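Peer 1: The structure follows.
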Amino acid sequence: MSYSLVLSFTDYDLATNTMDPVGGENFVQLVENPRVLMSLGNTFTFAVMAVPLELAMALLMALLLNSVRRGAGLFRVIYYLPKMTPAVATAAVFLLLLNGNQGAINKFLDAIGIQGPQWLLDPNWVKPSIVIMSVWAVAGSAVILLAALQAVPEELYESAAIDGAGPLRRFTKITLPMISPTIFFLVITLTIASLQVFDQAYLLFYRDGADSSAPEAALFYGIYLYQQAFQQFNFGLAAAMAWLLFAIILLITLVQFLVGRRFVHYESGEGS
Numbered sequence: 001m002s003y004s005l006v007l008s009f010t011d012y013d014l015a016t017n018t019m020d021p022v023g024g025e026n027f028v029q030l031v032e033n034p035r036v037l038m039s040l041g042n043t044f045t046f047a048v049m050a051v052p053l054e055l056a057m058a059l060l061m062a063l064l065l066n067s068v069r070r071g072a073g074l075f076r077v078i079y080y081l082p083k084m085t086p087a088v089a090t091a092a093v094f095l096l097l098l099n100g101n102q103g104a105i106n107k108f109l110d111a112i113g114i115q116g117p118q119w120l121l122d123p124n125w126v127k128p129s130i131v132i133m134s135v136w137a138v139a140g141s142a143v144i145l146l147a148a149l150q151a152v153p154e155e156l157y158e159s160a161a162i163d164g165a166g167p168l169r170r171f172t173k174i175t176l177p178m179i180s181p182t183i184f185f186l187v188i189t190l191t192i193a194s195l196q197v198f199d200q201a202y203l204l205f206y207r208d209g210a211d212s213s214a215p216e217a218a219l220f221y222g223i224y225l226y227q228q229a230f231q232q233f234n235f236g237l238a239a240a241m242a243w244l245l246f247a248i249i250l251l252i253t254l255v256q257f258l259v260g261r262r263f264v265h266y267e268s269g270e271g272s
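Residues 1 to 272 in the numbering used here are what the sequence shown lists, from first letter to last.
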């Protein structure tokens, strides 16, 4: 990290292994380069779409797994298998599923009378396509939530049931407050992962190296950083981009901690 910080203030020549100091020129370029701002916008939009959906799907999966009594171990293995699938294999599957003409998803939509979009060509559907691919591997978060659900004392549910609380009320008044620290942890980690999104977009749109043919909606910050570092060899600019992303993630995480204190319940009494 220290080396990359030094690198961000230089113009590094890979051929001669020399660094020419340029002051803050690389950081000025971050503001002046429209593709940097566009990639940041794409990344933020993706994060806003992906994090709530991934969290909701993980919670739903955890609730389903927690309700299983017989064969629970088998179901947990089945649910977790997508997380173990290599990213390249997952991308190959989704390239087939999301094909606008022959894809299985559009064929299913046609069967129920809905015309499916061109998932990988229409700019309006590029980010939802990547979100769908991200949700596929949400089992890691589900396992963490499952552990939190199983740690909730059963006597709390029994007392609430005696008082006449229904399933929805028990969920909102007992389950959610008791697992709120885990939800808060996942919000932070999923946000950080979403702001660093790379694999899904690269494998779907840049796997052949044809950057010019990829839609601008798929140009995420991590993709553009990779292009600058390892295709254009602008290592100084790429290092500056990395430090800007670090600062953004740090700021967002601090805001999440400040806001999260109001909603997170801790058994020690901290929070609300």
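Ideal Cβ positions, reconstructed from N, Cα and C, are used throughout, including at glycine.
Every value quoted in this text rests on a predicted model; they were computed, and no experiment measured them.
Return the Cβ separation of A238 and L219 in integer angstroms, given the expectation that the two are a contact with Cβ distance under 8 Å.
Peer 2: Contact doesn't hold; Cβ gap of about 15 Å is too wide.
Peer 1: With a Cβ-Cβ cutoff of 8 Å, do T191 and A47 count as a contact?
Peer 2: yes
Peer 1: According to DSSP, is L98 helix, strand or coil?
Peer 2: coil
Peer 1: Let me confirm a value: A56 is counted as buried when at least 16 other C-beta atoms fall within 10 Å, else exposed. Which label applies?
Peer 2: exposed
Peer 1: Roughly how many whole angstroms lie between the Cα atoms of G23 and V77?
Peer 2: 53 Å
Peer 1: Give the single residue among V187, T175, Q232, T85 whose Cα lies nearest to the Cα of L149.
Peer 2: T175
Peer 1: Less than 6 Å between C-beta atoms, sequence neighbours within five positions excluded: which residues of the same chain meet that for S141?
Peer 2: Beyond the five residues adjoining it in sequence on each side, S141 comes within less than 6 Å, by CB distance, of A58, L186 in the same chain, given in chain order.
Peer 1: Could you check which residue in Q227, P82, Y266 has the C-alpha nearest to that of V36?
Peer 2: Q227
Peer 1: With Y221 as the anchor, note down where its alpha helix (DSSP H) starts and where it stops.
Peer 2: 221 to 230
Peer 1: In the DSSP assignment, what residue or residues form a beta bridge with T273?
Peer 2: Residue 273 is absent from the structure shown; the chain starts at 1 and stops at 272.
Peer 1: Determine the closest residue to A89 out of A62, R207, F171, with distance taken between C-alpha atoms.
Peer 2: R207
Peer 1: Assess contact between the stretch 101 to 116 and the stretch 164 to 184, defined as three or more Cβ pairs (one per stretch) separated by less than 8 Å. Is contact present?
Peer 2: Contact fails between the stretch 101 to 116 and the stretch 164 to 184, because fewer than three Cβ pairs, one in each stretch, are under 8 Å apart.
Peer 1: What number of angstroms, rounded off, separates the C-alpha of N33 from the C-alpha of T253?
Peer 2: 26 Å
Peer 1: Going by the beta-carbon positions, is the gap between K127 and T45 smaller than 8 Å?
Peer 2: yes
Peer 1: Using only the alpha-carbon positions, how far apart do A161 and S194 sit?
Peer 2: Taking the straight line joining both Cα atoms gives about 39 Å.
Peer 1: From P153, A72, M84, A240, pick the residue whose C-alpha is nearest to that of W136; which is it?
Peer 2: M84
Peer 1: What are the boundary residues of the alpha helix (DSSP H) that includes M1?
Peer 2: Counting along the chain, M1 falls outside any alpha helix (DSSP H), and DSSP gives it neither H nor E.
Peer 1: At what residues does the alpha helix (DSSP H) containing Q118 begin and finish?
Peer 2: Element bounds for Q118: n/a, residue is neither H nor E.
Peer 1: Note down the Cα distance separating I223 from A147, rounded to an integer number of angstroms.
Peer 2: 34 Å
Peer 1: What separation, rounded to the nearest whole angstrom, lies between the Cα atoms of F263 and S180?
Peer 2: Cα to Cα, the separation comes out at about 8 Å.
Peer 1: When the Cα atoms are used, what is the spatial distance from P82 to P21?
Peer 2: 47 Å
Peer 1: I believe A314 touches L145 by the beta-carbon criterion, under 8 Å. Please report the beta-carbon distance rounded to the nearest angstrom.
Peer 2: Coverage of the chain is limited to positions 1 through 272, which leaves residue 314 absent and any answer about it impossible.
Peer 1: Just list the beta strand (DSSP E) runs in the stretch 117 to 179, keeping only unbroken ones of 3 residues or longer that don't cross its boundaries, in chain order.
Peer 2: Complete beta strand (DSSP E) runs here, min 3: none at all.
Peer 1: Go to T16, then tell me how far its alpha helix (DSSP H) extends in each direction, as first and last residue.
Peer 2: T16 -> no alpha helix (DSSP H), and no H or E assigned at all.
Peer 1: Tell me the residue span of the alpha helix (DSSP H) that contains R76.
Peer 2: 72 to 84
Peer 1: By how many angstroms is the C-alpha of T182 removed from the C-alpha of N66?
Peer 2: 16 Å
Peer 1: Between the beta-carbon of I130 and the beta-carbon of A201, is there less than 8 Å?
Peer 2: Yes, they are a contact pair.
Peer 1: Between which two residues does the alpha helix (DSSP H) harbouring G103 extend?
Peer 2: Where G103 is concerned, there is no enclosing alpha helix (DSSP H), given that its DSSP letter is neither H nor E.
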